[in-house]
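Numbering (our numbering), first residue to last: 447 to 697. Report on the following structure.
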C-alpha cells in the first residue's frame, strides 16, 4: 500500500461506476473505488486490473459488504445467447479474437453500452470466447426480464449488425489493446499462472513461445485486420445459434 502511494501521489477516487472510464483514462496509477455492490464489484475491479492500475476498495461503501441493510429482490430472468463461429487454438487470427472478445465484454464496449446502458433492456450483457482444438466460437449473451426478452433480442441483433457495419475505431482499438497487454503483463508476473499457460500450450501442441507470439500480435495489430476479422465473424451469411433459457413458471 505504501509503495503504491509513494509512486502515485495523486489517487483517482471513483464515486459512481459511470466515472470509472475517466479514472482509467487518466494518468493516475491508483484508483480508490467508493461505489458498487457485490454483483458489480468484480467486473469493476477487473477493468482496473486490466489497465495495470492499483486498486483500493472502500468495503464500507460496497453494497452487500457494508454494515447496512441491502434489499435483494427476487427477479424472474430470461437469458438469451447467440453464438457465432470463432477460432481454433492454432488459428493465426487468435490475436484478433482475443481483442474482439476483450472489447465486447468490456462494460465500456458496444454490447453492454447499447443494450444495458442506453436501452436499459438487460440486467447484464457481455460476451465469451470459446477456443477448441478444431473449432471455436464467440457467444454474446444477456439476462433480462421475461417481458423484455423479445425486445432485448431485437436490440442484441441490431447491436451485432452495428458492430459488423461500423467495426472498431482507432481509439477503441488502442484502449482495448492497452487493457489486453496490461492483463497479459500481470499474468506473466505470477509463476503459477505462467506455468498453467505453458502447460496448456504444450497440451494443445503449441510452441512454448505461443503466449509471447500472441502478445506480439496483439501489440502489432492494425485497424484494417481487426475490422476484417469482425466483418468475417459477424457476416450475416455465417451460421448463428440462438438459445433462450427461461425461469420455470411460478419461480
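Glycine included, each C-beta is placed from N, C-alpha and C at the ideal position.
Exposure label - residue i; buried when at least 16 CB within 10 Å
i, result
"residue 682", "exposed"
"residue 549", "buried"
"residue 584", "buried"
"residue 524", "buried"
"residue 641", "exposed"
"residue 547", "buried"
"residue 623", "buried"
"residue 556", "buried"
"residue 560", "buried"
"residue 562", "buried"
For residue i, the nearest candidate out of the options (CA to CA)
i, options, result
"residue 570", "609, 667, 589, 495", "589"
"residue 686", "558, 564, 641, 607", "607"
"residue 498", "688, 649, 650, 630", "630"
"residue 674", "504, 624, 543", "543"
"residue 501", "531, 547, 466, 533", "466"
"residue 592", "530, 692, 560, 489", "692"
"residue 458", "503, 496, 492, 489", "503"
"residue 579", "632, 547, 668, 532", "532"
"residue 669", "595, 617, 684", "617"
"residue 492", "553, 557, 526", "553"
"residue 495", "633, 646, 665", "633"
"residue 684", "469, 528, 475", "528"
"residue 490", "653, 659, 462", "462"
"residue 506", "639, 647, 619, 481", "481"
"residue 582", "659, 614, 530, 605", "530"
Whole-number beta carbon distance between residue j and residue i, since they are thought to touch under 8 Å
i, j, result
"residue 610", "residue 677", "6 Å"
"residue 460", "residue 487", "Not quite, the Cβ-Cβ distance comes to about 12 Å (not below 8 Å), so this is no contact."
"residue 602", "residue 576", "Not confirmed; about 18 Å, so no contact."
"residue 535", "residue 657", "The Cβ separation is near 12 Å, so there is no contact."
"residue 509", "residue 473", "No, residue 509 and residue 473 are not in contact; Cβ-Cβ is about 30 Å, not under 8 Å."
"residue 598", "residue 567", "4 Å"
"residue 626", "residue 680", "With 8 Å as the limit, residue 626 and residue 680 do not qualify as a contact, their Cβ atoms being about 20 Å apart."
"residue 690", "residue 526", "6 Å"
"residue 654", "residue 646", "With 8 Å as the limit, residue 654 and residue 646 do not qualify as a contact, their Cβ atoms being about 11 Å apart."
"residue 537", "residue 551", "About 19 Å separates the two Cβ atoms, so there is no contact after all."
Residue i: first and last residue of the uninterrupted beta strand (DSSP E) it sits in
i, result
"residue 573", "570 to 577"
"residue 689", "687 to 692"
"residue 588", "582 to 590"
"residue 458", "457 to 460"
Span of the alpha helix (DSSP H), counted from its first residue to its last, around residue i
i, result
"residue 530", "No alpha helix (DSSP H) holds residue 530; the beta strand (DSSP E) holding it covers 524 to 531."
"residue 633", "616 to 634"
"residue 650", "Segment: none, residue 650 is in no alpha helix (DSSP H) and carries neither H nor E."
"residue 495", "487 to 496"
"residue 536", "Segment: none, residue 536 is in no alpha helix (DSSP H) and carries neither H nor E."
"residue 471", "466 to 471"
Residue i - DSSP class collapsed to helix/strand/coil
i, result
"residue 662", "helix"
"residue 480", "coil"
"residue 609", "helix"
"residue 567", "coil"
"residue 639", "helix"
"residue 506", "helix"
"residue 682", "coil"
"residue 654", "coil"
"residue 552", "coil"
The ligand FAD heavy atom lying under 7 Å from the CB of residue i
i, result
"residue 614", "Among the components modelled here there is no ligand, and therefore nothing to report on the ligand FAD."
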